[in-house]
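Novice: Chains as they are written, first to last, in this note's numbering: chain A, 1 to 666; chain B, 1001 to 1666; chain C, 2001 to 2666.
Every residue gets a Cβ at the ideal spot worked out from N, C-alpha and C, and that includes glycine.
Predicted model only: the values in this text are computed from it and were never measured.
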Amino acid sequence: MQKILFGAAYYDEYMPYDRIDTDFKMMKAAGMNAVRIAESTWSTLEPEDGKFDFTHIERMLSYAELYGINVIVGTPTYAVPAWLVRKYPGILAVTSKGRNLYGPRQNMDITDRHYLFHAERVIRRLMEYVSGRSCVIGYQIDNETKYYDAAGEEVQRAFIEYLRKKFPDIDGFNREFGLDYWSNRVGSWEDFPDVRGTINGSLSAEFDKFRRSLVTDFFNWQIGIVNEYRRPEQFITHNFDYSWNGFSHGMQSDVNQFQAAANFTVAGTDIYHPSADMLTGEEIAFGGAMMRNLKPDVRNYLVLETQAQGNPGWLPYKGQLRLLAYSHLASGANSVMYWHWHSIHNSAESYWKGVLSHNLKENEIYEEARIIGRELQAVGEKLVDLRKKPEIAVMVNNGSLTGLSEFPIDADCTYNDILLWVCGALYRINAEYDIIPQESDHERLSGYKMIIAPAMYSATEQSLERLRRYAQEGGHLIMTFKSAVCDEYLKIYCDDQPHMLTECFGMTYDRFTDGRGVKLADTSFEADGTDVKYFMELLQPSAAYVLARYDTDAYGKCAAVTANSYGIGRSVYIGCFFEREALMRLLRNECREAYIDLPDVSYPIVVRTGTNGSGRQITYYMNYSGEKQSLIPQYGGTEILTGSRIPEGSALILDPWGLAIIESKI
Amino acid sequence: MQKILFGAAYYDEYMPYDRIDTDFKMMKAAGMNAVRIAESTWSTLEPEDGKFDFTHIERMLSYAELYGINVIVGTPTYAVPAWLVRKYPGILAVTSKGRNLYGPRQNMDITDRHYLFHAERVIRRLMEYVSGRSCVIGYQIDNETKYYDAAGEEVQRAFIEYLRKKFPDIDGFNREFGLDYWSNRVGSWEDFPDVRGTINGSLSAEFDKFRRSLVTDFFNWQIGIVNEYRRPEQFITHNFDYSWNGFSHGMQSDVNQFQAAANFTVAGTDIYHPSADMLTGEEIAFGGAMMRNLKPDVRNYLVLETQAQGNPGWLPYKGQLRLLAYSHLASGANSVMYWHWHSIHNSAESYWKGVLSHNLKENEIYEEARIIGRELQAVGEKLVDLRKKPEIAVMVNNGSLTGLSEFPIDADCTYNDILLWVCGALYRINAEYDIIPQESDHERLSGYKMIIAPAMYSATEQSLERLRRYAQEGGHLIMTFKSAVCDEYLKIYCDDQPHMLTECFGMTYDRFTDGRGVKLADTSFEADGTDVKYFMELLQPSAAYVLARYDTDAYGKCAAVTANSYGIGRSVYIGCFFEREALMRLLRNECREAYIDLPDVSYPIVVRTGTNGSGRQITYYMNYSGEKQSLIPQYGGTEILTGSRIPEGSALILDPWGLAIIESKI
Amino acid sequence: MQKILFGAAYYDEYMPYDRIDTDFKMMKAAGMNAVRIAESTWSTLEPEDGKFDFTHIERMLSYAELYGINVIVGTPTYAVPAWLVRKYPGILAVTSKGRNLYGPRQNMDITDRHYLFHAERVIRRLMEYVSGRSCVIGYQIDNETKYYDAAGEEVQRAFIEYLRKKFPDIDGFNREFGLDYWSNRVGSWEDFPDVRGTINGSLSAEFDKFRRSLVTDFFNWQIGIVNEYRRPEQFITHNFDYSWNGFSHGMQSDVNQFQAAANFTVAGTDIYHPSADMLTGEEIAFGGAMMRNLKPDVRNYLVLETQAQGNPGWLPYKGQLRLLAYSHLASGANSVMYWHWHSIHNSAESYWKGVLSHNLKENEIYEEARIIGRELQAVGEKLVDLRKKPEIAVMVNNGSLTGLSEFPIDADCTYNDILLWVCGALYRINAEYDIIPQESDHERLSGYKMIIAPAMYSATEQSLERLRRYAQEGGHLIMTFKSAVCDEYLKIYCDDQPHMLTECFGMTYDRFTDGRGVKLADTSFEADGTDVKYFMELLQPSAAYVLARYDTDAYGKCAAVTANSYGIGRSVYIGCFFEREALMRLLRNECREAYIDLPDVSYPIVVRTGTNGSGRQITYYMNYSGEKQSLIPQYGGTEILTGSRIPEGSALILDPWGLAIIESKI
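#1: What I want to know is whether the C-beta of Asn107 of chain A ends up closer than 7 Å to one or more non-hydrogen atoms of the ligand COA.
#2: Using the C-alpha atoms, what's the distance from Ala2034 of chain C back to Ala2471 of chain C?
#3: Quick one: residues in its chain with C-beta nearer than 7 Å to the C-beta of Ser1614 of chain B, no 5 flanking neighbours on either side, listed in chain order?
#4: Find the residues of chain B that neighbour Cys2494 of chain C, judging by a C-beta separation of less than 8 Å, and give them in chain order.
#5: Give the C-beta separation of Tyr2140 of chain C and Asn2239 of chain C to the nearest angstrom, bearing in mind that I take them to be a contact with Cβ-Cβ under 8 Å.
#6: Whole angstroms are fine: how far does the CA of Met2026 of chain C sit from the CA of Met2001 of chain C?
#7: List the DSSP bridge partners of Phe1240 of chain B.
#8: Look at the alpha carbon of Asp1012 of chain B and the alpha carbon of His1056 of chain B, and state the distance between them as a whole number of angstroms.
#9: For the region 1189-1209 of chain B against the region 1151-1164 of chain B, do three or more pairs of beta-carbon atoms, one drawn from each stretch, fall closer than 8 Å, so that the two count as touching?
#10: Does any CB atom of chain B fall closer than 8 Å to the CB of Asp2169 of chain C?
#11: My understanding is that Pro2316 of chain C touches Ala2285 of chain C, with C-beta atoms under 8 Å, so please give their C-beta distance in whole angstroms.
#12: At a Cβ cut of 9 Å, what residues of the region 175-199 of chain A count as close to chain C, listed as they run along the chain?
#13: Is the beta carbon of Gly2031 of chain C less than 8 Å from the beta carbon of Phe2054 of chain C?
#14: Quick check on Tyr115 of chain A - is its C-beta less than 8 Å from some C-beta in chain B?
#15: For Tyr1573 of chain B, name the three-state secondary structure that DSSP assigns.
#16: Within 8 Å of any Cβ in chain B, is that where the Cβ of Met1 of chain A sits?
#17: Would you mind working out which of C:Asp2531, C:Glu2526, C:Lys2166 and C:Ala2527 sits nearest Thr2517 of chain C, comparing C-alpha positions?
#18: I need the straight-line Cα distance from Ile646 of chain A to Ile418 of chain A, nearest angstrom please.
#19: Take Gly2250 of chain C as the anchor and find which of C:Thr2269, C:Tyr2017, C:Asn2263 and C:Ala2651 has the nearest alpha-carbon.
#20: Rounded to whole angstroms, what is the Cα-Cα separation between Leu1678 of chain B and Glu2537 of chain C?
#21: Quick one, which residues of the region 2358-2387 of chain C are near chain A if we go by CB-CB under 9 Å, in chain order?
#22: Roughly how many angstroms separate the alpha carbons of Thr668 of chain A and Ser1183 of chain B, rounded to a whole number?
#23: Looking only at C-alpha atoms, which of C:Tyr2620, C:Glu2639, C:Asn2623 and C:Ala2009 sits nearest to Val2303 of chain C?
#24: Taking only beta carbons into account, state which residues of the region 542-566 of chain A come closer than 9 Å to chain C, listed in chain order.
#25: Contact between the region 2125-2139 of chain C and the region 2079-2097 of chain C is defined here as three or more beta-carbon pairs at a separation below 8 Å; is this criterion met?
#26: In whole angstroms, give me the CA-to-CA distance for Ala2582 of chain C and Tyr2351 of chain C.
#27: Quick one: which unbroken beta strand (DSSP E) runs of 3-plus residues sit fully inside the region 2183-2256 of chain C? Chain order, please.
#28: Starting from Ser644 of chain A, trace the alpha helix (DSSP H) both ways and give me its first and last residue.
#29: Anything in chain A within Cβ reach of Thr1691 of chain B, meaning under 8 Å, just list it in chain order.
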């Protein structure tokens, strides 16, 4: 059996007329083998309180069985029906802007007991109906779940309980959170003010942290219910998303995905990205690096949603849809599923177009999907379950993301901007990376030749100790500005920066400014004259040597980038933000220092690699440009899409937005 | 009797001291013959509940009678007195932002029964007082009436009733509006949620459509009252306005003016526009084209307000005030009335200056008004009741305006931007046009050589059939991108685009994108290299020939503009937005194809024409520039401002911002 | 005894660990002699209702006594504790945005009786504790007090009372405020609507004026309490601030500082400004000019807060901290106190850094402070109590600031922008100035050779008469556009502009526009071609001669800047905004006309002068640039920082960001 899932979300509920048979025929013809159904359809599934209607579900399951297509069933709980809100208006979350109105999805308080009662009932009825069906291969819990800024009385009450447990001594709480400032001291838990008004960054960030735990709780509660019904071979997943700047853009602030993923059987995700001339594939690489590491023992993951035609301006050029599908697989995905099969004719997302346009006919996108589907039928077996072992890990944590949004550097230099600055530079030099959590233990860290912790603003002392030890014992540690600044409650450490690591990096600093008009000088990585942007720390090396300085004397001679030999490892500190091209040069040098072997080619040629189930090395060579590219692959082998033999040392030609996949024995 | 009304709004109420005699003398000396009074003065007319004070009204009427000046009386209902709101706070509308505060005008719910009760009483008392007076020539109902985003409980209840009547079957309602999406299904009318929260574009648009009908109802209610009092020779009008981007800017979204105008005896309007070096006259042409067609059997209209000095930055150059006055008449207006006579010394609109500045003395603007007034006394008779018969109609509808604001293309490419892109291009090639509603019947359509429907996004099948037939029977039909996309409920048609017209245009498309970086190529109208902006549809001709292509191959070869012979007519489809200069070239070609005769000259020389009461052709030649212009008029005749004879073929010189008006026998 | 206070705010409450002894040692070593304590620390001072805890106060006082450091004690009332708000939620102000949430400082209604009751109690207890202590030299009432947009029922009720008193006749009130406009007439005081909704600029401005009086009342109430305790030698001050655009930026709109300062013994202020390459010193000169004149009989003032490291981007270059300290003294300050000693490790202002960074160690800033401290120990005696007698006064008033925010010109051309345009030009030509209130009497005006009234939009007739008389009797009067336009209720004067001064200026105007694309021409001050910006009045001279015209004929020939001989004085009217460089030229000419002697050098060399206690002239020569500068001082004397003798006519070299102070006998 081919195991790569290829398909789309399908909403029989939204169809303007009955065309289910046509659609399944078309999907089948395109080599599609999976549909995702039911998420967000509560109001058709339960049109009245307690009255259930499985018409659409049944139609989907029957046709799926008829055409031999797999079904992923989503629980419908992320959009509540009108009748439920009419009965229990309190289901609508109270946020910092007041009580939500009905209409939008994700407007509820996920801890509201009426919501939970009715959600449980509809989930159980749905599970009863679908879990025994042969076509059902797995479940998706809710969709893109977050806490939706819920800050009502109940949520706040629970937050105070959570704080009381953490801080039995209220004085300790006041001290840790610095509440004396501007008379914010809380004398007794009873006096706790409405947290929505707080100006205390520590308190505000802790409230967000607490609310992320509500999301994890919500997942575990639904998983518990679904587990009562699901067959062992059926997976259970979630559609995790990212921060959003018009596209997927770095870490999601409102979910601790590393914690939240614990009880799913496999990670799932949606990834949306620029297209046409803005297409780079960076978001796919980032999403894959994240998803592979949510469950380190189940490193493959499902792409449950990605764009077909998407929004205006996202329409792919010829060849891009195919390139994208393989890019997901090259990152370790075991599925490529479009959002969605058909474009929608009403409501809000009519111009977030699916594979089919509004006329629901075969079109250019469908044609390209059909090519992909047929190729996957032929070669999917060799691509599924790709094992990837990057030598580089990028360390992240939600606390730093929140922290730098409480204490921002610049609207264009957020935590995610810095994170993606690093990840984008790695991507462009074809240095593959994992994304790992700050909590990773020593063993996990030791598995990497290089660890980069960008803007790790909020860091526990344990995590800093682990990084220190990693470097000392021979690791290659790279940190950027705004790292090791404060603890998990955003209390800034009151000794030398970077906290606990001044010896490790052989430098310290206590001054920083915005870097306006400053350039890099004396660089060891051929980047003199590069503009410093947004922020710079004035590094004062003790043991470290200087990889770059600032070109200004106005603050005295200060370093911008330093490197240090520490124990038997190497520690590099990047004190400022600068143009990505220079960062690529710096990281290329550091990879050499760390004995990390990079491909000779770089972006727009993207090289991604892994080992398949037969133990063969699979190498993707992808052309992220509209011009033909030529290269000499590192290893010879078989180009599996064409079946042609590529001898070692012979050139490979990549079509515009084209790719080759070479299977080698190594 | 000279019948062109020339004058200003006058508020005795706002005067810092008694100067009514001085002002009437000054107006009289300037050849003014009309004042507009009383709108917005409820609190002086009825200073306490039920106590009426006609002091200011009486003063105005007496002096008007004394000086032989006509009076237009406005009902005062668009600004409510403080005592009324204190008694009935519910009069203040509840909008999407909550309950309005007292202070601004137009903050009330026009369906509130207390508001209506008190409005009726004050209108009746006013009518009793003024209707018999000889100087009173007509009435203005309210002012710039809209629904002011009222969305309180009563309004929403009425909306549900309206929906129930339209959709006796709630399932049909859910289907038509696509409410299954994101679980928005409404199981029973009782469950109907607060519509202010909806994310369903169809529902939101329908709510707006319903609320536009409230405005029409409000007009008809007031008209009914006024009709009880008015003498047959007294007109009844309204001051219709436009969308607003700092100036009058295309269609007003909140009123269906074609419906609303039904029971008025004559259309009225206010038009505000850029001035000084930004002056083009486009807004005047557009407003006239609209107003002439609100009541097709009464094609002349009243300009009830236009700017004298206006806001800072609007101060007219020497000659511009005069040019503007004649521009209104050239569009078919029978009046030019300034807002307002005097500048106001307090409150909110102190810097929306009138004819007089704050010192209330003769000034440069007054001097120029006096020139206009004297000229109109001399020649007004020849200019009044101008009959205009453009050969081109531009088709509009509120539904498309709402639709493209629910599903926007770009903040700089709204429905009105596209509409004015077309109208502005026509204006600049001196192709005069009418504005007609989508509902226009076959007979009305047949009267035009060319019909242009820009961005007719929301279109009923009946209207599309009428356009198809128009083309088939020999009409010249031009549509732009985003036309014929969805029905009157914004449900996108689920067959090929443009719906019902693929054969007519000989092309279809199902892909579109934002057109970033794309240019026109292979144009038949000398516009290769023109930048495409905001949006492009990838047209795939079947029968059509290609008037322009896109210069990119990334999506395959696609057409940008197509033309088709259909029946005995011609159909042109413009698939994207591009620079206006290129559109002017395209439209000039199409006019030639349609045997529409354009003047040889174009903007900044503006030519406008019509037939006067004596059956003579009146042609305005206007110079919208600061440089002298020279031209040879199409027909000889008499220049009526100077009385000089212009022989056929001889040159005419236009002063900077100057004009000539030629009367010819034809 | 050295009398210049040099030090910082110190919050023992916020310290992460006990380091008070270390800090006092460090301060002492740096020559610091003053700390400011206690403002904003109510919640530690009174952690529960009625339970007081003087631990931190006592620690500070004891160490201050131990190290011989002076203490300024702030009343803690500008940030309320959580328990107080929990008991009396009504303490949180209702503003135009609704009821405030707890969290931010300055969120209370300063007229709330519960707030006042508890504030009084804590002030009294604090005063009892500290007033007898030898180290305590003075008190600061509250901090940066304003009315915080409080607009709750009680505040509005008091406002109505205030209006009733002013306008016993409600018709007069309606007339003066122009409330007939848009039916806003208030028939009886009982009908008075919620003023938050008003669109009447006069009413809105009067509400702000009334609320400024609440701030004065609040000060006087606290001063009364503190006066019961303070020893005669202890001063009582306030930390007055400015409008804010990311930095101190002109007049504070929410306080009438001239009135508010009456009962303090000395004025105090905080000044924040750009730094690094954006540093100019303009804000320091402006703040000083203002503070020196709040209490004309006590012209020296205290700088209670200014930046050490401040926000990112404010980090001073080497030498700037020292230059800044002397700049304050050169303006007449008797103190330089940083906000604050230590950087804070939590909450909201963690990156508003103090002298010490978060590691609380000696650093570059501390080093530079130490230089300043030691120099002041050596020479402070010669610099303290500097008597300054500028020959120029710039006249300001809150009413004009409010007026031009009700009727704005442009977001970049506010009242403060115009004011600082003038003040900045004066600063850069080294023309020292005072800031005086519009209410200044004839005697005060007569003391100046030149009075400039920029944008004095709202002006009483008395004040205009005083200015007229000033000019007539030989003064040199300069006004700009938007002056003498309306009375104190923003009613525009209904005769010729500028009201009462047309004869004085020998010109009038009634037209104005935005000046887009216009340039100055025919200038007498070598500024032809200078861009006019934002706004221009079309001046029509009668007696005046023209100093500049506009380069456009489109409005006829109009003047831009005029001068007139009036009586035995000279009156100059600047009709538009233009580039500062041109204004500097114009003002330099006018100074010559007024026999005001300017230094030969100009910005970046800044010259400031005064007379010290020994009657010697002190002249500061400051280099506001990163390049060395050289100049020849006007008078020889002793450079007091180095003790070197500077003979008359010899050159003085200023280091980058350096300065020299010459003491001369004159």
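Specialist: By the coordinates alone:
#1: With respect to the ligand COA, the structure shown offers nothing to examine, as it has no ligands at all.
#2: Each residue's Cα considered, the two are about 46 Å apart.
#3: Taken in chain order, the list of residues that qualify is empty.
#4: One finds Pro1016, Tyr1017, His1345, His1358, Asn1359 and Leu1360 in chain B with Cβ atoms closer than 8 Å to the Cβ of Cys2494 of chain C, taken in chain order.
#5: Correcting the residue type first, residue 2140 of chain C is Gln in the shown sequence and not Tyr. In this structure Gln2140 of chain C touches Asn2239 of chain C by the C-beta definition: roughly 6 Å separates them, less than 8 Å.
#6: A caution first: Met2001 of chain C carries a pLDDT of 37, below 50, which makes its placement in the model too unreliable to give a value.
#7: For Phe1240 of chain B, DSSP records a beta bridge to B:Thr1269.
#8: Using only the alpha carbons, I get a separation of about 6 Å.
#9: As far as the Cβ criterion goes, the region 1189-1209 of chain B touches the region 1151-1164 of chain B, which means the pair count is three or higher.
#10: Not closer than 8 Å to any Cβ of chain B, the Cβ of Asp2169 of chain C fails to qualify, so no.
#11: The pair is not a contact, with the Cβ atoms about 18 Å apart (cut-off 8 Å).
#12: Against chain C - using a Cβ distance shorter than 9 Å - the residues of the region 175-199 of chain A are Arg175, Glu176, Phe177, Gly178, Leu179, Asp180, Tyr181, Trp182, Ser183, Asn184, Arg185, Val186, Gly187, Ser188, Glu190, Asp191, Phe192, Pro193, Asp194, Val195, Arg196, Gly197, Thr198 and Ile199.
#13: Remark: C-beta atoms of Gly2031 of chain C and Phe2054 of chain C do not approach each other more closely than 8 Å.
#14: By this cut-off, Tyr115 of chain A is not an interface position.
#15: The answer is strand: DSSP assigns Tyr1573 of chain B an E or B state.
#16: Reliability of the predicted coordinates at Met1 of chain A is poor, the pLDDT of 37 falling under 50, and the value obtained from them is presented with this limitation in mind. With 8 Å as the cut-off, Met1 of chain A does not count as an interface residue toward chain B.
#17: Here residue 2517 of chain C is Gly; the residue named in the question, Thr, does not match the sequence. When only C-alpha atoms are compared, the closest one is C:Asp2531.
#18: Those two C-alpha atoms are separated by around 39 Å.
#19: If we check each option's Cα against that of Gly2250 of chain C, C:Thr2269 comes out closest.
#20: In the structure displayed, chain B extends from 1001 to 1666; residue 1678 of chain B sits before or after that span and is not available.
#21: Using a CB distance below 9 Å, the part of the region 2358-2387 of chain C facing chain A consists of His2358, Asn2359, Leu2360, Lys2361, Asn2363, Glu2364 and Ile2365, ordered along the chain.
#22: Here chain A has residues from 1 to 666 only, and residue 668 of chain A is not among them.
#23: Considering only alpha carbons, the answer is C:Ala2009.
#24: Correct list: Thr552, Asp553, Ala554, Tyr555 and Gly556.
#25: For the pair of segments examined, the region 2125-2139 of chain C was found not to touch the region 2079-2097 of chain C: the number of CB pairs separated by less than 8 Å stays below three.
#26: Taking the straight line from one Cα to the other gives about 39 Å.
#27: Listed in chain order, the complete beta strand (DSSP E) runs (minimum 3 residues) inside the region 2183-2256 of chain C are 2235-2237.
#28: In the DSSP assignment, Ser644 of chain A falls outside any alpha helix (DSSP H) and lies within the beta strand (DSSP E) extending over Ser644 to Ile646.
#29: No statement about residue 1691 of chain B is possible, as the shown extent of chain B runs from 1001 to 1666 and does not include it.
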